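So for the sequence shown, full-length UniProt numbering puts the first residue at 1; every next one is plus one. The structure appears right after this line, and notes come after that.
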Amino acid sequence: MTATTARVASAHPSIASISTGLLIGGQWREAADGRVFDVENPATGEVLASVADASPADGDDALAAAVGAQAAWARTAPRHRSEILRRAYELVMERQDWLAEVMTLEMGKPLAEARGEVAYAAEFLRWFSEEAVRVSGDHSTTGDGANRIIVTREPVGPCVLITPWNFPLAMGTRKVAPAIAAGCTMVLKPAPQTPLSSLALAAILQESGLPDGVLNVVNTTDAATVVGRWMASGKARKVSFTGSTGVGKILLRQAAETVMRSSMELGGNAPFIVCADADVDTAVDGAMAAKMRNMGEACTAANRMYVHRDVADEFSERLAARMAALKVGNGLDDETDVGPLIDSAGRTKVQRLVDDALQRGATALTGGRLPDGPGYFYPPTVLADVSSDSDLMTTEVFGPVAPIIPFDDEDEVISRANDTDWGLVGYVFTQDIDRALDLSERLEVGMVGVNTGVVSNPAAPFGGVKQSGLGREGGKVGIDEFLEYKYLAVPRRRGR
Ligand code: ADP
Numbered sequence: 001m002t003a004t005t006a007r008v009a010s011a012h013p014s015i016a017s018i019s020t021g022l023l024i025g026g027q028w029r030e031a032a033d034g035r036v037f038d039v040e041n042p043a044t045g046e047v048l049a050s051v052a053d054a055s056p057a058d059g060d061d062a063l064a065a066a067v068g069a070q071a072a073w074a075r076t077a078p079r080h081r082s083e084i085l086r087r088a089y090e091l092v093m094e095r096q097d098w099l100a101e102v103m104t105l106e107m108g109k110p111l112a113e114a115r116g117e118v119a120y121a122a123e124f125l126r127w128f129s130e131e132a133v134r135v136s137g138d139h140s141t142t143g144d145g146a147n148r149i150i151v152t153r154e155p156v157g158p159c160v161l162i163t164p165w166n167f168p169l170a171m172g173t174r175k176v177a178p179a180i181a182a183g184c185t186m187v188l189k190p191a192p193q194t195p196l197s198s199l200a201l202a203a204i205l206q207e208s209g210l211p212d213g214v215l216n217v218v219n220t221t222d223a224a225t226v227v228g229r230w231m232a233s234g235k236a237r238k239v240s241f242t243g244s245t246g247v248g249k250i251l252l253r254q255a256a257e258t259v260m261r262s263s264m265e266l267g268g269n270a271p272f273i274v275c276a277d278a279d280v281d282t283a284v285d286g287a288m289a290a291k292m293r294n295m296g297e298a299c300t301a302a303n304r305m306y307v308h309r310d311v312a313d314e315f316s317e318r319l320a321a322r323m324a325a326l327k328v329g330n331g332l333d334d335e336t337d338v339g340p341l342i343d344s345a346g347r348t349k350v351q352r353l354v355d356d357a358l359q360r361g362a363t364a365l366t367g368g369r370l371p372d373g374p375g376y377f378y379p380p381t382v383l384a385d386v387s388s389d390s391d392l393m394t395t396e397v398f399g400p401v402a403p404i405i406p407f408d409d410e411d412e413v414i415s416r417a418n419d420t421d422w423g424l425v426g427y428v429f430t431q432d433i434d435r436a437l438d439l440s441e442r443l444e445v446g447m448v449g450v451n452t453g454v455v456s457n458p459a460a461p462f463g464g465v466k467q468s469g470l471g472r473e474g475g476k477v478g479i480d481e482f483l484e485y486k487y488l489a490v491p492r493r494r495g496r
């Protein structure tokens, strides 16, 4: 990602059709100072396109557009908002293959996974099109009978939405769709590594009838300043962020100054627990899903695999065999199972964590070495007997590395699993229903996969406890993050 004023014309037809400007008040425009930055294909290092690089003044314009559109948008009929989302759902699914190719080009994940993400992203549009018409309030009477209590729900107001690069489309729809459903306007700042998917989504929402100014999209290489001004403005009423815990804390501090509602989806350090009575086939399938989805670049990724000593060797060998059989390559090739990591910094971090674990006595059953050649590839890696003082135990690896730690008893494994500042998700594998429920209850996390390595679903409340975040996205409660309560006290007439 380099800042420049020279525009690159994309050689890829799928990208050439995407508007790469800033979307402000319904108009696509260049940055005021004409600056752009390059978007790189992590599989090849090729520059795919250049997109407008918003200055702080452009950012201010975008927020002003959102603020200006808020009052009229809040008064629109829920069914109107619902149908815009429904049309967008249908357009995204009609263009699934195109959006998947764009995503693979800018982010690296294999095409099959990219198609899966497009469908997952579209489901948020559909889910919240259904929720838009289901917002309701409450009616009751004060204890002394003197007043009626009428409770209504209102949109919270203009929102700041900040998304990461690992799920470029789904992290956008998971915020944009409930905000639209609730009647909020918004400024969206996608990650600079993957702006193209969000730009394509914005154009689809325009085509679906979203009024000017409701969604404003600003890409920038200066997130700290552009977003910092939104946070300090006093005009934005809500921030919803998905990304690292460090940036989440900066935003929470800024939100405190203007008392903004905050939703935070931050890092994870997921424990993956395989009990002695687990079905090992199911556990290995679960481990492949929980570890290898998105090349391990997911906050839900299994970061620490605690496996009962009785099954540790069998589980490790079978997992290593499955991991070693995966084909690493350019995500555009049909045979590819594992694409590149996002960038050089991401890959260097993975290698450092693996080297540290090996130095502390772990054994690499497969992988563990950087390949030669272009692209940010890293091989699927299984590390056996990882010691508890390895940096991997306390750091989100964000790569295709499965560290296995044998355990002997349940109390020990629960205390190790919970010995972390994070609490997003945990996974439990056992054939005993009582054990499954007991361990799930004792894990300090927001979500548990029981005999499955996949928890994400638009119909479920996604989110974590501890330093993994605040609030939930999706499910019945997802829209609540974008609504405020208002209560009307209405005296009852006496003597009737
Ligand atoms: P990662 O390390 O995985 O890239 P980040 O938390 O740095 O995760 O990035 C997530 C999102 O937060 C991106 O859109 C990024 O541009 C944005 N971001 C990074 N720094 C800041 C900041 N100081 N203020 C607001 N947004 C930021």
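C-beta atoms are modelled at their ideal positions from N, C-alpha and C, and glycine is treated no differently. Remember, predicted model here, so these are calculated numbers, not experimental data.
Item to check | Backbone secondary structure at Ala-302 - three-state DSSP | outcome: strand
Checklist entry - Thinking C-alpha only, which one of Gly-339, Pro-403, Arg-318 and Val-311 is nearest Asp-355? => result Pro-403
Item to check | Start-to-end residues for the beta strand (DSSP E) that takes in Val-47 | outcome: 47 to 52
Next on the checklist: Do Pro-110 and Thr-381 count as a contact pair if the criterion is CB distance below 8 Å?
Outcome noted: A distance of 8 Å or more separates the beta carbons of Thr-381 and Pro-110.
Item to check | Ala-301 Cβ short of 7 Å to the ligand ADP heavy atom set | outcome: no
Checklist entry - If you measure from the CB of Trp-422, is any heavy atom of the ligand ADP nearer than 7 Å? => result no
Checklist entry - Under a Cβ-count criterion, where at least 16 other Cβ atoms within 10 Å of its own Cβ denotes burial, should Leu-85 be classed as buried or exposed? => result buried
Checklist entry - Can you tell me whether Asp-61 is buried or exposed, with buried defined as 16 or more other CB within 10 angstroms of its CB? => result buried
Checklist entry - Can you list the alpha helix (DSSP H) stretches of 4 or more residues lying completely in the stretch 387 to 431, in chain order? => result 410 to 417
Checklist entry - Taking the alpha-carbon positions, what's the Gly-157 to Gly-68 distance? => result The alpha-carbon atoms of Gly-157 and Gly-68 are separated by roughly 11 Å.
Next on the checklist: Quick check: the stretch 427 to 447 against the stretch 338 to 346, are at least 3 beta-carbon pairs closer than 8 Å?
Outcome noted: no
Next on the checklist: Quick check on Phe-241: does DSSP put it in helix, strand or coil?
Outcome noted: strand
Checklist entry - Taking DSSP as the reference, what is the three-state secondary structure of Leu-488? => result strand
Item to check | Between the CA atoms of Gln-467 and Arg-75 - distance to the nearest angstrom | outcome: 36 Å
Item to check | Own chain partners of Met-93 with C-beta closer than 6 Å, once the 5 adjacent residues on each side are dropped | outcome: Ala-122
Checklist entry - Excluding the five sequence neighbours on either side, which residues of its own chain have a C-beta within less than 7 Å of the C-beta of Ala-202, listed in chain order? => result In chain order, Leu-23, Leu-215 and Val-217 place their CB closer than 7 Å to the CB of Ala-202, counting only its own chain and leaving out the 5 sequence neighbours on each side.
Checklist entry - Taking 7 Å as the cut-off, does the CB of Val-247 come closer than this to any heavy atom belonging to the ligand ADP? => result Checking every heavy atom of the ligand ADP against the Cβ of Val-247, one is found closer than 7 Å.
Next on the checklist: Taking 7 Å as the cut-off, is the beta-carbon of Ala-224 closer than that to any non-hydrogen atom of the ligand ADP?
Outcome noted: yes
Item to check | Opening and closing residue of the beta strand (DSSP E) in which Pro-158 lies | outcome: No beta strand (DSSP E) contains Pro-158, which DSSP labels as neither H nor E.
Item to check | Chain-order list of residues whose beta-carbon lies under 6 Å from that of Asp-310 (same chain, five-residue window excluded) | outcome: Ala-276
Checklist entry - Which value, in whole angstroms, describes the spacing of the CA atoms of Gly-59 and Gly-268? => result Approximately 30 Å, taken between the alpha carbons.
Item to check | Pro-110 Cβ short of 7 Å to the ligand ADP heavy atom set | outcome: no
Checklist entry - By the 10 Å Cβ neighbour count, where 16 or more other Cβ atoms means buried, how is Asp-334 classified, buried or exposed? => result exposed
Checklist entry - What are the boundary residues of the beta strand (DSSP E) that includes Trp-28? => result 27 to 29
Item to check | Residue of Ala-119, Glu-131 and Arg-81 minimising C-alpha distance to Lys-476 | outcome: Glu-131
Checklist entry - Do the CB positions of Gly-296 and Pro-400 come within less than 8 Å of each other? => result The answer is yes: Cβ separation under 8 Å.
Next on the checklist: Taking 7 Å as the cut-off, is the C-beta of Gly-296 nearer than that to any heavy atom in the ligand ADP?
Outcome noted: no
Checklist entry - Taking 7 Å as the cut-off, is the CB of Ala-32 close to at least one heavy atom of the ligand ADP? => result Answer for Ala-32: no, Cβ out of range of the ligand ADP.
Item to check | Within 8 Å, strictly: CB atoms of Asn-303 and Glu-207 | outcome: no
Checklist entry - When DSSP labels each residue in this structure, what does Asn-269 get in the three-state scheme? => result coil
Item to check | Touch test, the stretch 253 to 268 against the stretch 180 to 190, Cβ-Cβ under 8 Å, three pairs minimum | outcome: No, the stretch 253 to 268 is not in contact with the stretch 180 to 190.
Checklist entry - For Glu-113, which of Phe-128, Thr-142, Phe-167 and Pro-379 has the nearest alpha-carbon? => result Phe-167
Checklist entry - For Gly-449, which residues of its own chain have a beta-carbon under 8 Å away from its beta-carbon, when the five flanking residues on both sides are left out? => result Gly-286, Ala-290, Val-425, Gly-426, Tyr-427, Val-428 and Val-455
Checklist entry - Where does Glu-297 sit, in a helix, a strand or coil, going by DSSP? => result coil
Item to check | Limits of the unbroken alpha helix (DSSP H) element including Leu-99 | outcome: 96 to 107
Item to check | Proximity of Ser-82 and Ser-129 at Cβ, strictly below 8 Å | outcome: yes
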